[in-house]
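Here the structure is laid out as structure tokens; the discussion comes afterwards.
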Amino acid sequence: NLPVNGSDPQHPFTIGLATLTALPMPARAELIPLQSRLNLNNLATQEDPAQPVSTITGSQQRSNPFRAVLHTLFEQQQVDTKLLDAIHDWVDADSNRRYPDGAEDGYYLRLRPAYRAANQPMAAITELRSIRHISSADYQQLSHWLTALPVGADLNVNLASAPVLQALHPQLTVAAAEKLVSRRSSQPYTSVEEFLRADELAGLGVRNTGLAVSSDYWMLRSEFHFDDRVTVYRTLFEIGEQGARLLQRHLGESS
1 NLPVNGSDPQ HPFTIGLATL TALPMPARAE LIPLQSRLNL NNLATQEDPA QPVSTITGSQ
61 QRSNPFRAVL HTLFEQQQVD TKLLDAIHDW VDADSNRRYP DGAEDGYYLR LRPAYRAANQ
121 PMAAITELRS IRHISSADYQ QLSHWLTALP VGADLNVNLA SAPVLQALHP QLTVAAAEKL
181 VSRRSSQPYT SVEEFLRADE LAGLGVRNTG LAVSSDYWML RSEFHFDDRV TVYRTLFEIG
241 EQGARLLQRH LGESS
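Sequential numbering from 1 applies to the sequence shown in our numbering.
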């Protein structure tokens, strides 16, 4: 059973497997470690040179390490990197557009229906669908590797997939990333420093910022099947020393 503190910490409730199996309909549940994915909201913490990603020099990438990681991931997944400027504009606090591929209110207010740029961290990864340059195919591709968590939630190298680890450096090969995953399956990394000492990372200069060996944020994704409908219930938790704290709930329907 998982203790969950809701809006009233004096009256916690508990979610257990019995809650799902007792329902008179087919159901399945999956606990997803969200820090196995790259947190887009961490872009909001980066120093901003206000220039297109394609023109960022090596020294600038070293000063904006998370943006460089996203750039590598997008290239590996064959997603146009001009999307990065628009994402950065969406999550930062200002209304200054990055040229030529960023987007602020001037772009979104011309759409039908019109809306404004968020200019704050994303509440959910689904906001990515509203951002300039994103296609349905891009969203489906990227949603496996990206998440939207509170700013500062780092990547857990003990749970990240090989494609995500490969994005840590453009010279890191698929085979090397898979070896990093294989090694931790028998002995998880106990510190970021231990991870960075791995032979596969030697000489690459991967920075220790934005990395972790444990997770605080998890999502319980539950599916309930009734007739020809599938209802999906997503619950976001932060798990700490005092147990689990409920952060967000979302109920939706998929075809």
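Think of the CB as a built atom: it goes at the ideal place given N, C-alpha and C, for glycine as much as any other residue. Nothing here was measured: the structure is a model prediction, and the numbers come from that model.
Gln-248 to Ala-44, Cα distance in whole Å?
Locating residue 248 in the sequence shown gives position 248, counting from the first residue. Locating residue 44 in the sequence shown gives position 44, counting from the first residue. Approximately 21 Å, taken between the alpha carbons.
Using a Cβ-Cβ cutoff of less than 6 Å, which residues in the same chain neighbour Pro-26 once the five nearest sequence positions on both sides are dropped?
On the sequence shown, position 26 is the one that residue 26 refers to. Cβ neighbours of Pro-26 beyond the five flanking positions: His-225.
Counting pairs of beta carbons, one from the stretch 179 to 189 and one from the stretch 153 to 164, are three or more of them closer than 8 Å?
Yes, they touch.
With a threshold of 16 other CB atoms inside 10 Å of the CB of Arg-116, please say whether the residue is buried or exposed.
Counted from its first residue, the sequence shown places residue 116 at position 116. Classification for Arg-116: exposed.
So Thr-72 packs on Pro-170, CB below 8 Å; how close in whole Å?
To locate residue 72, count along the sequence shown from 1; it is residue 72. To locate residue 170, count along the sequence shown from 1; it is residue 170. The Cβ separation is near 5 Å, so the contact holds.
Assuming Arg-221 and Ile-87 make a contact with CB atoms under 8 Å, what is their CB distance in whole Å?
As a first step, residue 221 must be located in the sequence shown, where it is residue number 221. As a first step, residue 87 must be located in the sequence shown, where it is residue number 87. The pair is not a contact, with the Cβ atoms about 24 Å apart (cut-off 8 Å).
Give, in chain order, every unbroken run of the alpha helix (DSSP H) that is at least 4 residues long and sits entirely within the stretch 160 to 221.
The qualifying runs are 162 to 166, 174 to 186, 192 to 196.
Compute the distance between the beta-carbons of Asp-89 and Ala-103, then report whether it is under 7 Å.
As a position in the sequence shown, residue 89 is number 89, starting the count at 1. As a position in the sequence shown, residue 103 is number 103, starting the count at 1. A contact, by the Cβ cut-off of 7 Å.
Which first and last residues belong to the beta strand (DSSP E) in which Tyr-115 is found?
Counting from 1 along the sequence shown, the entry for residue 115 is found at position 115. Tyr-115 -> no beta strand (DSSP E), and no H or E assigned at all.
Which residue's Cα is closest to the Cα of Arg-112: Ser-130, Gly-243, Gly-205, Thr-235?
Along the sequence shown, one-based indexing puts residue 112 at 112. Closest option to Arg-112, Cα to Cα, is Ser-130.
In whole angstroms, what separates the C-alpha of Gly-240 from that of Tyr-99?
Within the sequence shown, numbered from 1, the residue matching residue 240 stands at position 240. Within the sequence shown, numbered from 1, the residue matching residue 99 stands at position 99. Between Gly-240 and Tyr-99, the C-alpha separation is close to 41 Å.
State yes or no: is the C-beta of Ala-167 within less than 7 Å of the C-beta of Val-69?
Position 167 of the sequence shown, counted from the first residue, corresponds to residue 167. Position 69 of the sequence shown, counted from the first residue, corresponds to residue 69. Yes. Within cutoff.
Please name the residue in Ile-125, Gly-106, Pro-188 whose C-alpha comes closest to that of Leu-149.
For the purposes of this step, residue 149 is taken as the residue at position 149 of the sequence shown. Closest by alpha carbon: Ile-125.
In this structure, how does DSSP classify Ile-239 when only helix, strand and coil are distinguished?
Numbered from 1 along the sequence shown, position 239 holds the residue referred to as residue 239. Ile-239: strand per DSSP, three-state reduction.
Quick one: give me the first and last residue of the alpha helix (DSSP H) that Glu-75 is part of.
Start at 1 with the first residue of the sequence shown, and residue 75 comes out as number 75. Residues 65 to 76.
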